[in-house]
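Taking the working numbering, the leading residue of the sequence shown gets 490, the next gets one more, and so forth.
Don't be surprised by glycine CBs; every beta carbon is placed ideally from N, CA and C.
Just so it is clear, the structure is predicted and the values come from calculations on it, not from any experiment.
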Amino acid sequence: MSRRPRARPVHRHPAGAGVVAVFIVAVLVALTGCTGGGEPAPSGTESTAAPQPAAVVTTADGTARLADLPVSVGAATSPASTNQTDDVLIRVAPSRPGQRITGFGAALTHASAAVLDTLPAGRRGSLMRELFDPTGPVRLSVLRIPIGASDFVPDRAFTLDDRPPGVTDWNLDHFSTAPDRKTLQPLLRQALAVNPHLVVIASPWSPPAWLKTSGSLEGGQLLDEQRAYDTYADYFTRFIRDYQEAGIPITAVTVQNEPQLRTPDGYPGTDMPVAQEARLIETLGPALRKAELDTDILGYDHNWTLAPGDAATTPSGRDAEREYPSDLLGTAAAPWISGTAFHCYNGDASAQTYLAVRFPTRSIWVTECSGSHSPDADAATVFSDTLTWQATNLLIPALRNRATTVLTFNLALDPDGGPHVGGCDTCTGVVTIGSDGAITRNAEYYLLAHAGRYLQRGAVEVAADAPPGGPILPVAFRNPNGSGVVVAWNHDDQPHRLVLRVGARTVTIRVPAHALASVRWR
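See the structure below:
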């Protein structure tokens, strides 16, 4: 992952004014199995029919966590519909159909897998059902995995074809996914057993060292010769085929995690300029087709905008490539690229719309956004700051700016934010698992549940017009079953009555201060 500030998450780059801090989601599924302030339990079986109006809320202070909110439905002409001083009126209409949702989730890194593996089998199975069951309280539906090691590994960094210094393996005779078979693949199969429609995407942090100019997993570029591109394309193809044979279909790959991070802090990383990424994709696309693999290729996989630190490390005389995503889609590799992947560590989500307007047939994914905190922050502060930042800058802005998928980062970490090699030592996961097996559900858990639990795959964004600069800004969707969806973050210090005007009706909830709310209606 890119370098992160050690300050509180609220010190990160803010999103544009058009993507303030409110997320409302109206959805199709019954909101069961959660009580205010308590830890959610897996919900029971729910009907796929459109549900009755319902709403839940999570507050930044943690006093309410997926807690039920009263919902009132009335006529839009009712005198009481919008006559209170704290009302915020949102008009919802299907006049501006947008992107279709793929899903929400996190990354199953080797560190996450190792931490989850410390749980007894029964408790681990229960947690996996809680996270991935399509009728459960969270409903994660997308997982990102590393191809080889990321910065979050329980031991040393590695790739799937490591050789001693000075030794090469152009035929990939030593290629093996064996490092993934102990914990990563079993957990993926467990998640797929819970949700057979789980989308799995994969990203490498580095090619094998013998394929790089540096001879190291840390830094350097892919060798710029055709046999290196051919061999690395074969590396991807073998990975996808091996996983497929292991019962784990790979829906999409990116060819390089954070290609503009040239100086990773003690963990695998690769400098991959646009020309090299394009050439690799031009080689990989036909290789996948020849192997009869229908895995998609996503381009870029880095920040909304070029980070100052990455710009500063641009070699003398080389273009900093500030328009990397659009430059890549302007190359001959474009026909092989189905979408663009973004991270959240610099810039804001308006970069997604900028790209989508220029390339409207390509999907937009947010594939990584980790929570982090200052080293001395207490648990309450970490929860509050993470929920606030990710609601304000990630979830709502990303969805308002064409994202089909939103992922945080690690699915699970230990209380020290690890295990990891280099990189971030104050990162947070969706859950934290202690050495005693205690499970803490972090802000990311609730943030993802507010979306994943209520937005179905295939939900279409629709218009949600709110007063500019107001305390609440919505994003709205219509689910495939016809139910309405709006999710909102109240960034104000005061509660507000949120009035959704939907045709001839109003749907009303009262949103506490600094709270994320999800409301659904038929």
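Close beta carbons around residue i, own chain, < 8 Å, minus the five adjacent residues each side
i: Ala564; result: Ser570, Ala993, Arg994, Thr995
i: Tyr935; result: Thr547, Arg554, Leu555, Leu876, Leu1005
i: Thr802; result: Arg751, Thr752
i: Ser703; result: Gly709, Gln710
i: Ile737; result: Gln674, Leu677, Arg678, Leu681, Val689
For residue i, the residue or residues it bridges with in DSSP
i: Gly961; result: The sequence given here places Ile at residue 961; Gly does not occur at that position. Asn979.
i: Ser692; result: Pro635
i: Cys916; result: Ser861
i: Val545; result: Asp557, Ser1007
i: Asn899; result: Ala596
i: Ile786; result: Val742
i: Asp954; result: Arg580
i: Ala938; result: Bridge partners of Ala938: none, in fact.
i: His985; result: Val1000
i: Ile928; result: Ile922
i: Phe872; result: Paired residue(s): none; Phe872 is not in a bridge.
i: Ala892; result: Ile853
i: Gly563; result: Thr995
i: His791; result: Phe831
i: Val949; result: Arg589, Arg967
Sequence-distant residues of the same chain with beta carbon closer than 6 Å to residue i, five excluded per side
i: Pro969; result: Gln945, Gly947
i: Arg727; result: Phe664
i: Leu818; result: Phe848
i: Asp760; result: Gln710, Arg751
Cβ-based neighbour list, residue i, same chain, cut-off 7 Å, excluding 5 preceding and 5 following
i: Pro643; result: His599, Ala600, Ala603, Pro908
i: Tyr718; result: Arg768, Leu769, Thr772
i: Gly758; result: Trp694, Ser695, Glu707, Gly708, Glu747, Leu750
i: Leu676; result: Leu597, Ala602, Leu605
i: Thr929; result: Val920, Thr921
Status (buried if at least 16 other CB within 10 Å, exposed otherwise) for residue i
i: Arg1009; result: buried
i: Val920; result: buried
i: Pro498; result: Because Pro498 carries a pLDDT of 37, less than 50, the predicted location of this residue cannot be relied on, and the following value inherits that uncertainty. The residue is buried, with at least 16 neighbouring Cβ atoms inside 10 Å.
i: Asn660; result: exposed
i: Asp905; result: exposed
i: Gln715; result: exposed
i: Asp1012; result: Outside the shown range of the chain (490 to 1011) lies residue 1012, about which nothing can therefore be said.
i: His686; result: exposed
i: Arg942; result: buried
i: Arg431; result: Here the chain comprises residues numbered 490 to 1011, so residue 431 is not present and cannot be evaluated.
i: Ala965; result: buried
i: Gln674; result: buried
i: Val1014; result: Because residue 1014 is not part of the residues shown, which for the chain are 490 to 1011, the question remains open.
i: Arg585; result: exposed
i: Arg891; result: buried
i: Gln841; result: buried
Do the region 975–983 and the region 992–1010 meet, that is, are 3 or more Cβ pairs less than 8 Å apart? yes
Per the contact definition of three or more C-beta pairs closer than 8 Å, is the region 954–961 in contact with the region 541–559? no
Does the contact criterion of 3 or more C-beta pairs under 8 Å hold for the region 802–813 versus the region 823–838? No, the region 802–813 does not touch the region 823–838.
Of all the beta strand (DSSP E) runs that stay within the bounds of the region 793–870, which reach a length of 3 or more residues? The qualifying runs are 828–832, 852–857.
At which residue ranges does the region 683–759 contain complete alpha helix (DSSP H) runs of 4 or more residues, listed in the order of the chain? Runs found: 715–734.
Any beta strand (DSSP E) of 3 or more consecutive residues that is wholly inside the region 621–668: List check, beta strand (DSSP E) in window: 631–636.
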